[in-house]
Amino acid sequence: MSNIEQTLSIIKPDAVERNLIEDIKSIFSKNNLVIKNSKKIHITKEEAAEFYKVHQSKPFYNDLCAYLASGPIVVMILEGVNAITLYREIMGATDPKKAEKNTIRKLFGISIDKNSVHGSDSTENAKKEIEFFFNN
Ligand code: UDP
Ligand code: MG
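Numbering follows this note's numbering, in which position 128 of the sequence shown is assigned residue number 132; successive positions increment by one, without gaps.
Below you can see the structure in the form of structure tokens.
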């Protein structure tokens with residue numbers, strides 16, 4: 005039985021700024037991840053702090069929140085078979101230098117902080133993160 009899941013993707017400011025939206029979307033479609041909902045937004049630092057609050061004790065938290073609020077982002081709901089794990093795989097490791105060949109972060113990431121994309125890391129967080137941006 006196939007396990008259809010939804011996950012939250014964010015194209016971060018560094019990638020939006022470099023016009024990489026279509027390149028990244030084409031990687032989703034090649035991997036059978038369907039975009040169910042998408043919007044380009046510019047969030048405040050306070051909203052970023054709420055979104056990333058799981059990292060509030062980390063040394064990089066302040067810079068991370070300021071960065072996510074530094075320019076437009078694209079938030080998307082991706083759907084597909086095992087979408088959460090699949091999307092984490094095609095995204096690649098947090099640090100682009102450590103990411104596998106042909107992953108989004110290897111192809112486009114600049115550094116560990118400007119790593120082009122976000123993806124939910126579990127079923128529970130996918131649900132929370134989708135609700136955060138798309139609370140219908
Ligand atoms: N991050 C950072 N410095 C670090 C670790 C993480 O700036 O040493 C940023 C990076 O943008 C990362 C985000 O914080 O994507 C969230 O970190 P997490 O460990 O959840 O990585 P991810 O799930 O995005 O791979
Ligand atoms: Mg994470």
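From the three backbone atoms N, C-alpha and C, an ideal C-beta is built for every residue, glycine too.
For residue j and residue i, believed in contact at Cβ under 8 angstroms, the rounded distance
{"i": "Val121", "j": "Ile28", "result": "7 angstroms"}
{"i": "Leu90", "j": "Asn129", "result": "Wrong, their Cβ atoms sit about 15 angstroms apart, outside the cutoff."}
{"i": "Pro17", "j": "Ser74", "result": "5 angstroms"}
{"i": "Lys44", "j": "Val78", "result": "5 angstroms"}
{"i": "Ala70", "j": "Lys49", "result": "6 angstroms"}
{"i": "Phe136", "j": "Phe55", "result": "6 angstroms"}
{"i": "Leu24", "j": "Ala52", "result": "Contact doesn't hold; Cβ gap of about 20 angstroms is too wide."}
Residue i beta carbon near the ligand UDP (any heavy atom closer than 6 angstroms)
{"i": "Leu90", "result": "no"}
{"i": "Asn7", "result": "no"}
{"i": "Asp18", "result": "no"}
{"i": "Asn119", "result": "yes"}
{"i": "Leu68", "result": "yes"}
{"i": "Ile15", "result": "no"}
6 angstroms Cβ shell around residue i - same chain, five flanking residues per side excluded
{"i": "Tyr65", "result": "His59"}
{"i": "Gly113", "result": "Pro100, Asn119 and Ser120"}
{"i": "Glu133", "result": "Leu12 and Ser124"}
{"i": "Pro76", "result": "Val20, Lys44 and His46"}
{"i": "Ser6", "result": "Val85"}
Any non-hydrogen atom of the ligand MG within 6 angstroms of residue i CB
{"i": "Asp99", "result": "no"}
{"i": "Asp125", "result": "yes"}
Per DSSP, the bridge partner or partners of residue i
{"i": "Glu104", "result": "None, per the DSSP bridge assignment."}
{"i": "Glu83", "result": "Gln10 and Val38"}
{"i": "Gly123", "result": "Ser13"}
{"i": "Ile45", "result": "Ile77"}
Residues of its chain near residue i, where Cβ-Cβ distance is below 7 angstroms and the 5 sequence neighbours each way are ignored
{"i": "Gly96", "result": "Ala103, Glu104, Thr107, Ile108, Arg109 and Lys110"}
{"i": "Ala87", "result": "Glu9, Gln10, Thr11 and Leu37"}
{"i": "Asp125", "result": "Arg92"}
Cut-off 8 angstroms between Cβ atoms - residues of its own chain near residue i, not counting five sequence neighbours on either side
{"i": "Ser42", "result": "Val78, Val79, Met80 and Ile81"}
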